[in-house]
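Novice: Residue numbers (this note's numbering), protein chains in the order written: chain P, 1 to 451; chain B, 1001 to 1451.
2 protein chains.
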Amino acid sequence: MTSQTQPGRLLKAPENFIDPDGVRRVFAEAKEGRRDFIRGAFAAAAAGVAATAARAADAPADGDPNILNLPEYSRALGQGVAQNNGYGVPSKYEANVRRRISPGLTQTTQASVAFAPLQSLFGIVTPSGLHFERHHQGWWDMDPTKHRLMINGLVKTPMVFTMDDIMRLPSVSRFHFVECGANSAMEWGNVAVPTVQYTHGMLSCSEFTGVPLIKVLEMAGADTKKGRFLLAEGADGSGQSRTIPMELVESGEVLLAYGQNGEMLRPEQGYPLRLVVPGVQGVSWIKYLRRIKVGDMPFGAKDETVGYADLMPDGQHRQYTSIQECKSVVTTPSGGQVLLEKGFHPITGLAWSGRGKIQRVDVSVDGGRSWRPARLQGPVMSKCLTRFNFDWVWDGKPTIIQSRAIDETGYVQPTKPQLAAVRGTRGIYHNNAIQSWLVQENGEVKNVHVS
Amino acid sequence: MTSQTQPGRLLKAPENFIDPDGVRRVFAEAKEGRRDFIRGAFAAAAAGVAATAARAADAPADGDPNILNLPEYSRALGQGVAQNNGYGVPSKYEANVRRRISPGLTQTTQASVAFAPLQSLFGIVTPSGLHFERHHQGWWDMDPTKHRLMINGLVKTPMVFTMDDIMRLPSVSRFHFVECGANSAMEWGNVAVPTVQYTHGMLSCSEFTGVPLIKVLEMAGADTKKGRFLLAEGADGSGQSRTIPMELVESGEVLLAYGQNGEMLRPEQGYPLRLVVPGVQGVSWIKYLRRIKVGDMPFGAKDETVGYADLMPDGQHRQYTSIQECKSVVTTPSGGQVLLEKGFHPITGLAWSGRGKIQRVDVSVDGGRSWRPARLQGPVMSKCLTRFNFDWVWDGKPTIIQSRAIDETGYVQPTKPQLAAVRGTRGIYHNNAIQSWLVQENGEVKNVHVS
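Spelled out as structure tokens, the structure:
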């Protein structure tokens, strides 16, 4: 048996790690112990005692109990269960992983945005504590026993539901992404914001649980022949409301959601009830949902006429463009990160489409000259984030890293120039262009706009 | 258009909801507004002003700004983004949803258990703050920059990895359940603990991210011909260690995991590094993982000889029974809950198997006399929780509700008597019997042991 003092390929100075002498001693004891342990429980107990005795005999003369120079956590009693009132929190060493505001982007923190730290996230589930926030007039922690949902308009029987009523109906659970229509908005212009948290951080993904809206409309006797549009209205001060096409609801995908990632929705996400409209921009996922009204034409609400409309090159506004088209982004390496040395680096990122499943993601490590397919991490679900991974050996020279997603409809994520040719560059919403990260010779990564 | 004052089928007293007169006024304004809004953005803005003027004209003479008797959250500014240092927390109304200790079950809170509140959870993802806890000597929040993983034993090159080293290797993300081998332990005897939190709450499910252990063993040149067993060892004071069969590792499923539900592992779950051994009982998922040693026979560690061994009817202990067999439980309705009225009630629960995917779950609402298949909620993943749902109309009479899972190997979850016939009733570990909930005439649900 070799000692661990022989350096491994990736050996680094093991501060506060157990010392080599201690390791040799533990090795010897473990070997002894193992042969004895295997004879059974009683023998094992005896061997354990023997091993302890052996350790005691080796202890320094001054009686230092830390005979192996073990760190405190390896020899003392830790913290008890069910701390913090039985609801755990992240490590103190992860305090830098948090949602952030972009200073100066908004004049208040109530009509504002907090971006999710995509550069620090793994897999596809966004922890609810880090889910992006977009409020139009701040958020509230509403008493669920007092909250009501009204169904009215073109229905036989207008109805009012308590949360208990809703939660007693048959439910479904589904994983979906939600993206603000204004995600990556600054990238339309010449501003290259520094990190992926700010370029793409109005994006999150959760397992939602709730009741298909169509079931409740059926209970109310909605006229789905005349009533091809719904108004969804929130209870918070912004009076947020959006038109939802009935055909989306008839697909069964639109949910009256109360659950998110296993627990009740968080207050910032519309507790106790939110409309989940898979594939559609976040502004339609009405939070604090208090009313669904069935109507025979679009409702022309503020945030689908004045706001959330696409300014086209000819100066016209395109309205009701709600579906989030296929898009992807490399989250590591990304702007603000530094590659400390050349050699192997994993590339990872996220892809998504409001039209269905991701079919393929290509990665370029040469500024778009060549592309190779990334590994898609399963499960690949419809209207859900898909994690991709790609192996890369950096030669130390400056280069540009990009990803390009293709969805199951065959739609290919456009380059920035391709998108600009159709949409111009003066818009705010629905920017799904390929993102470019420049890796500089010193290893620093920055956001660049390539033509 | 009908007013919402016409009662819907489920109408209940709408406390603090908007008053009928206000609703009629808003309806009228919305109707006006809608016709105008549809002409375009400018017209919409004008109509918005007109609507505001109309509201002001309707305001009471005393100048009360709350002209529609709206609750404060519908007319005032809420809280800003990125509260709580940019890491959100659940609603204050959900304070009762927490992990709990079972008073008297353990003498300290460090060598103890906190159970997950399964009765309050949705879908399959367990929020990390509610993930069950099982510590042998308490938990620590260890500095990840000082943590090391050693690979030694039957390897060509013993190696020591920093967390940075590990996180630079290619990673995968997978959803898996983890269940303590002692989950449902009290059900072996005559103790019927009151709630599903205490009967089955040492069960959780997460999306884990990490490096397949086999990749690291390959780097170290592990002798996988002689070295058919691994010792996994934790850095905390309990010196937790377990033997892992090499064949499990060779499947690629065993992970050196640092990510859980999108973020770094929580301290209680072994931050910064934990072994993920899909399908295997939680004690083998070594937390604070500091060493993997390759050996040619099982290591006979304390918690696989003295502990976590099955006491069989003949008085022998069966060791190394690690796979969690197929199991399920109804989480609603469950012990401690009350059905307030007869009529429709959704039945929901969880099913899982350490052998692969869940193939079917049957539900009985008559104490096991008849069974009907439940709806399985996708995605159904291997060695992962599967949520099932079942529609039920309660006639108000006492009855027993049960669920029975079948996995893709064809294994059928046993009844309590079937399990006892093989295993006796004096064991602690690996109780996967069918759980029975008695719904009493008064609606109260309780745990019962049926023969």
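Note that beta-carbon positions come from the ideal geometry of N, C-alpha and C, so glycine has one too.
For the segment 372-427 of chain P, list the alpha helix (DSSP H) runs that are entirely contained and at least 4 residues long, ordered along the chain.
Specialist: Counting whole runs of 4 or more residues, the segment 372-427 of chain P contains the alpha helix (DSSP H) stretches 416-423.
Novice: What does Glu1444 (chain B) reach in chain P if we use C-beta pairs closer than 7 Å?
Specialist: Within the second sequence, numbered from 1, the residue matching residue 1444 (chain B) stands at position 444. By Cβ distance, chain P contributes nothing, its closest Cβ being about 17 Å from Glu1444 (chain B), past 7 Å.
Novice: Could you round the C-beta distance between Ser1407 (chain B) and Ser1370 (chain B) to whole angstroms and report it? I think they count as a contact, below 8 Å.
Specialist: Counting from 1 along the second sequence, the entry for residue 1407 (chain B) is found at position 407. Counting from 1 along the second sequence, the entry for residue 1370 (chain B) is found at position 370. The question names Ser, but residue 1407 (chain B) in the sequence shown is Asp. Incorrect: roughly 22 Å between the Cβ atoms, too far for contact.
Novice: Okay, do the segment 218-230 of chain P and the segment 84-102 of chain P touch, 3+ Cβ pairs below 8 Å being the bar?
Specialist: The segment 218-230 of chain P is not in contact with the segment 84-102 of chain P.
Novice: Can you tell me where the alpha helix (DSSP H) holding Gln1249 (chain B) begins and where it ends?
Specialist: For the purposes of this step, residue 1249 (chain B) is taken as residue 249 along the second sequence, with counting starting at 1. According to the sequence provided, residue 1249 (chain B) is Val. The question's Gln does not apply to it. Its alpha helix (DSSP H) spans residues 1246-1250.
Novice: Quick check on the DSSP output: what are the complete beta strand (DSSP E) runs of length 3 or more inside the segment 115-193 of chain P, in order along the chain?
Specialist: Here the runs fully enclosed are 133-135, 148-153, 159-162, 172-179.
Novice: Applying a beta-carbon distance threshold of less than 8 Å, which residues of chain P neighbour Ile1124 (chain B)?
Specialist: Your numbering for residue 1124 (chain B) matches position 124 in the second sequence. Residues of chain P passing the Cβ test: Ser173, Glu207, Gly262.
Novice: Quick check on DSSP: helix, strand or coil for Asn1447 (chain B)?
Specialist: The residue given as residue 1447 (chain B) occupies position 447 in the second sequence. Strand, per DSSP.
Novice: Nearest chain B C-beta to Trp140 (chain P) closer than 7 Å, yes or no?
Specialist: Locating residue 140 (chain P) in the first sequence gives position 140, counting from the first residue. Yes, its Cβ sits closer than 7 Å to a Cβ of chain B.
Novice: Going by CA-CA distance only, name the one from P:Leu256, P:Lys293, P:Glu187, P:Ala309 that's closest to Gly221 (chain P).
Specialist: As a first step, residue 221 (chain P) is located in the first sequence; it is residue number 221 there, counting from the start. Measuring from the Cα of Gly221 (chain P), the nearest candidate turns out to be P:Lys293.
Novice: Buried or exposed: Ala1095 (chain B), going by 16 or more other Cβ atoms within 10 Å of its Cβ?
Specialist: Locating residue 1095 (chain B) in the second sequence gives position 95, counting from the first residue. By the 10 Å Cβ count, Ala1095 (chain B) comes out exposed.
Novice: Could you please give the first and the last residue of the uninterrupted alpha helix (DSSP H) stretch that includes Glu1218 (chain B)?
Specialist: Here residue 1218 (chain B) refers to the residue found at position 218 of the second sequence. That run of the alpha helix (DSSP H) goes 1213-1220.
Novice: Between Leu1350 (chain B) and Thr1331 (chain B), which are expected to be in contact by the criterion C-beta below 8 Å, what is the C-beta distance as a whole number of angstroms?
Specialist: Reading the second sequence from its first residue, position 350 is the one you call residue 1350 (chain B). Reading the second sequence from its first residue, position 331 is the one you call residue 1331 (chain B). Contact holds; Cβ gap of about 6 Å.
Novice: Quick one, which of B:Ser1382, B:Ile1151, B:Arg1134, B:Val1196 has its alpha-carbon nearest Gln1119 (chain B)'s?
Specialist: Translated into positions along the second sequence, residue 1119 (chain B) becomes position 119. Comparing Cα-Cα distances from Gln1119 (chain B) to each of B:Ser1382, B:Ile1151, B:Arg1134, B:Val1196, the minimum goes to B:Val1196.
Novice: Work out the CA separation of Val283 (chain P) and Phe1042 (chain B) for me, nearest whole Å.
Specialist: Residue 1042 (chain B) sits at position 42 when you count from the first residue of the second sequence. Residue 283 (chain P) sits at position 283 when you count from the first residue of the first sequence. Low confidence applies to Phe1042 (chain B): its pLDDT is 30, below 50, so where it sits in the model is not reliable, and the reading given next is rough at best. In a straight line, the C-alpha of Phe1042 (chain B) is about 21 Å away from that of Val283 (chain P).
Novice: Count the other CB atoms within 10 Å of the CB of Arg1372 (chain B); is the residue buried (16 or more) or exposed (fewer)?
Specialist: One-based indexing of the second sequence puts residue 1372 (chain B) at position 372. Counting Cβ neighbours within 10 Å, Arg1372 (chain B) comes out exposed, since fewer than 16 surround it.
Novice: Closer than 8 Å between beta carbons: that is the criterion. Which residues of the segment 85-111 of chain P meet it against chain B?
Specialist: The residues in question are Asn85, Gly86, Tyr87, Gly88, Val89, Pro90, Ser91, Lys92, Tyr93, Glu94, Ala95, Val97, Arg98, Arg99, Arg100, Ile101, Thr108, Thr109, Gln110.
Novice: Three or more beta-carbon pairs under 8 Å between the segment 1139-1152 of chain B and the segment 1392-1401 of chain B, yes or no?
Specialist: The answer is no - the segment 1392-1401 of chain B does not touch the segment 1139-1152 of chain B, with fewer than three Cβ pairs under 8 Å.
Novice: Taking the alpha-carbon of Pro1090 (chain B) as reference, which of P:Ile428, P:His136, P:Glu444, P:Glu268 has the nearest alpha-carbon?
Specialist: As a first step, residue 1090 (chain B) is located in the second sequence; it is residue number 90 there, counting from the start. Looking at the Cα atoms, P:Glu268 is the closest of the given residues.
Novice: Taking beta-carbon pairs under 7 Å, can you tell me which members of the segment 1224-1242 of chain B lie near chain P?
Specialist: Under the 7 Å Cβ criterion, the segment 1224-1242 of chain B contributes Ala1235, Asp1236, Gly1237.
Novice: Identify the continuous alpha helix (DSSP H) that holds Thr305 (chain P) and give its terminal residues.
Specialist: Counting from one through the first sequence, the residue named residue 305 (chain P) turns up at place 305. Element bounds for Thr305 (chain P): 302-305.
Novice: Tell me which residue opens and which closes the beta strand (DSSP E) that Val294 (chain P) is part of.
Specialist: In the first sequence, counting from the first residue as 1, residue 294 (chain P) sits at position 294. Per DSSP, Val294 (chain P) belongs to the beta strand (DSSP E) from 289-295.
Novice: Counting only Cβ pairs nearer than 7 Å, list the residues of chain P close to Gly1259 (chain B).
Specialist: On the second sequence, residue 1259 (chain B) is found 259 positions in, with the first residue counted as 1. Going along chain P in sequence order, the residues near Gly1259 (chain B) (Cβ under 7 Å) are Phe122, Gly123.
Novice: Measuring CB to CB, does Val1445 (chain B) end up less than 7 Å from Gly1335 (chain B)?
Specialist: Reading the second sequence from its first residue, position 445 is the one you call residue 1445 (chain B). Reading the second sequence from its first residue, position 335 is the one you call residue 1335 (chain B). It is a contact, given that the beta carbons lie within the stated cut-off.
Novice: At the 7 Å Cβ level, is Tyr271 (chain P) part of the contact set with chain B, yes or no?
Specialist: Looking up residue 271 (chain P) in the first sequence gives position 271. Yes, contact with chain B.
Novice: Exposed or buried, which one is Asn85 (chain P) when buried takes at least 16 other CB atoms within 10 Å?
Specialist: Within the first sequence, residue 85 (chain P) is the residue found at index 85, counting from 1. By the 10 Å Cβ count, Asn85 (chain P) comes out exposed.
Novice: Please go through the same chain and pick out, in chain order, the residues whose beta-carbon is closer than 6 Å to the beta-carbon of Met381 (chain P), but skip the five residues on each side of it.
Specialist: By one-based count along the first sequence, residue 381 (chain P) stands at place 381. So the list reads Phe175, once near-sequence residues are dropped.
Novice: Pull up the DSSP beta-bridge partners for Lys1327 (chain B), would you.
Specialist: As a position in the second sequence, residue 1327 (chain B) is number 327, starting the count at 1. Lys1327 (chain B) pairs with B:Trp1352.
Novice: Please report the residue range of the beta strand (DSSP E) in which Tyr258 (chain P) lies.
Specialist: Numbered from its first residue, the first sequence carries residue 258 (chain P) at position 258. Start and end: 255-260.
Novice: At a CB-CB cut-off below 7 Å, which residues of chain B make contact with Glu253 (chain P)?
Specialist: The residue you call residue 253 (chain P) lines up with position 253 of the first sequence. Within chain B, no residue comes near Glu253 (chain P); the closest Cβ sits about 13 Å away, beyond 7 Å.
Novice: Listed from N- to C-terminal order along the chain, which residues in the segment 379-399 of chain P have their beta-carbon within a distance smaller than 7 Å of any beta-carbon of chain B?
Specialist: If the cut-off is 7 Å between Cβ atoms, the segment 379-399 of chain P has Pro379, Met381, Arg387, Asn389, Asp391 near chain B.
Novice: Would you list the one or two residues that DSSP bridges to Ile1358 (chain B)?
Specialist: Reading the second sequence from its first residue, position 358 is the one you call residue 1358 (chain B). Ile1358 (chain B) pairs with B:Asp1407.
Novice: So, for Arg1318 (chain B): in the same chain, excluding its five sequence neighbours on each side, which residues have a beta-carbon less than 7 Å away from its beta-carbon?
Specialist: Along the second sequence, read from residue 1 onward, the residue named residue 1318 (chain B) stands at position 318. Closer than 7 Å at Cβ, skipping near neighbours: Ala1309, Asp1310, Met1312.
Novice: Buried or exposed, going by whether 16 or more other CB atoms sit within 10 Å of the CB of Arg426 (chain P)?
Specialist: Here residue 426 (chain P) refers to the residue found at position 426 of the first sequence. Exposed, since its Cβ has fewer than 16 Cβ neighbours within 10 Å.
Novice: Which of the three DSSP states is assigned to Glu1341 (chain B) in this structure?
Specialist: In the second sequence, residue 1341 (chain B) corresponds to position 341, counting from 1. Coil, per DSSP.
Novice: Give the secondary structure of His317 (chain P) by DSSP, where H, G and I count as helix, E and B as strand, and everything else as coil.
Specialist: Indexing the first sequence from 1 puts residue 317 (chain P) at position 317. Note: His317 (chain P) maps to strand in three-state DSSP.
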